[in-house]
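If you read the sequence shown in UniProt numbering, its first letter stands for residue 1, the second for the next number, and so on.
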Amino acid sequence: MPVIRTSQIEDEYIYVPHHHLSRVRTNRRPNDRSRSYKTNSYQWVVFVLTIISMVTSFFLIIIGFFHTELSKFSPKNMNPAIACLDCSMTDHIPHNLLESVVLKEINGIDNCCAYNNKELTALLEISMRGKHVKSALPAFNVSNFSLSSASAHVQLLAPIKGSTRSSIEFTDELATMLLKDVSEHDKKFEHVRKVDLLKDGFKVIHSGVYYLYSSVHFKIGSEIKCSTLSYTTWHHTIEKKSSSQSMVLFKSAYTCCNNCTSNDETSYTGGAIRLLPGDVINIKISGYGLAFIDRNSTFAGLMMMGES
1 MPVIRTSQIE
11 DEYIYVPHHH
21 LSRVRTNRRP
31 NDRSRSYKTN
41 SYQWVVFVLT
51 IISMVTSFFL
61 IIIGFFHTEL
71 SKFSPKNMNP
81 AIACLDCSMT
91 DHIPHNLLES
101 VVLKEINGID
111 NCCAYNNKEL
121 TALLEISMRG
131 KHVKSALPAF
141 NVSNFSLSSA
151 SAHVQLLAPI
161 KGSTRSSIEF
171 TDELATMLLK
181 DVSEHDKKFE
191 HVRKVDLLKD
201 GFKVIHSGVY
211 YLYSSVHFKI
221 GSEIKCSTLS
231 YTTWHHTIEK
241 KSSSQSMVLF
251 KSAYTCCNNC
261 TSNDETSYTG
271 GAIRLLPGDV
281 INIKISGYGL
291 AFIDRNSTFA
301 GLMMMGES
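What follows is the structure, given as structure tokens:
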């Protein structure tokens, strides 16, 4: 009986009759073992890489968790705190605010500290909430009230006496307002105390910190159109004149507006400043033809807040 070799890798013989030679087929292909080996190797590599990836991810999660937890308790000694606050004054403060700052012991006292802008915002809110009045303030006794040692409040007058609104040109130049004469003062609304009242200003007698203020009522009137004026913005200033110099202390501005809901505007400006004996305070405005002279809305004054 003929012998047929079916594989080159190992000797394997099949004995078949002559009349079946043309129908013999082998079930083993030459590359089957090689392909099986490659498939198994690929699966093994994928498995190993998956395990490595899972282990790496696990360790990264653990490291991140511990880093976050440790950062909460870190004293941050590398960078000094922007601000710290005694935590004992944090009664009745929401828990979320306390979590937004860093707890740090300073000289045996627990302090709430801020190291960045976010923590500083929370610390400021804690500070404001902690400042509560524990006892009622004493009632105000009217009999103990007294005016400051030096003060004045008088009505302002137009820079040019006897002028009318229609005859004054609305220029951009500053003009010094006049002060109402002492003899004409209404004691209910006006007074002058330890200050020299000049025709066009206040002259300081005692040095100290003064609060200066001035109000001017601008009233353009519906008969005047802004488009017909050369200047549509007017200024209101408080100026100081001394032996060495003159300077603008405070300033505001008024803009003409025909389409506004009201043609009446009150310009107010003021502030605190240290004055010396001999300093003169003047009130100046531009477009003075628009000034509405009224003691309730056009006035100036000063008051001493403290001697120096």
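Note that CB positions come from ideal geometry on N, CA and C, so glycine has one too.
Rounded to whole angstroms, the Cβ separation of L156 and T269 is 13 Å, and the two are not in contact under 8 Å. Our two residues, S41 and I62, have alpha carbons roughly 32 Å apart in a direct line. Within the model, the alpha-carbon separation for E173 versus H235 is close to 9 Å.
For G278 and M303, the gap between their C-alpha atoms comes out near 16 Å. For the options T255, G64, V216, the alpha carbon positioned closest to that of S230 is the one of T255. Contact between G201 and V280 holds, since their C-beta atoms are separated by about 5 Å, short of 8 Å. Comparing alpha carbon positions, the residue from V216, T56, A122 closest to A83 is A122. Per DSSP, reduced to three states, the secondary structure at T50 is helical. Residue state for H95 is assigned as helix, using DSSP reduced to three classes. Its chain contains I126, R129 as the residues whose beta carbon lies nearer than 6 Å to that of I93, once the 5 sequence neighbours on both sides are disregarded; these appear in chain order. If you draw a straight line from the Cα of G287 to the Cα of H206, it comes to about 33 Å. For the pair L249 and L212, the CB atoms are nearer than the 8 Å cut-off. Non-local C-beta neighbours of K203 in its own chain, meaning closer than 6 Å and more than five positions away in sequence, comprise D196, V280, ordered along the chain. Within the segment 185–259, not a single complete alpha helix (DSSP H) segment reaches 4 residues in length. The C-alpha of I51 lies about 11 Å from the C-alpha of W44. When C-alpha distances from C226 are compared across L290, G64, E119, S244, the shortest belongs to L290.
The bridge partners DSSP lists for D86 are N111. In the structure shown, the three-state DSSP call for G64 is helix. Look at V45 here: in three-state DSSP terms it is helix.
Here the C-alpha atom of L97 lies approximately 32 Å from the C-alpha atom of F58. Straight-line spacing of the CA atoms in Q245 and P80 works out to 45 Å. In the DSSP assignment, the residues bridged to E307 are G208.
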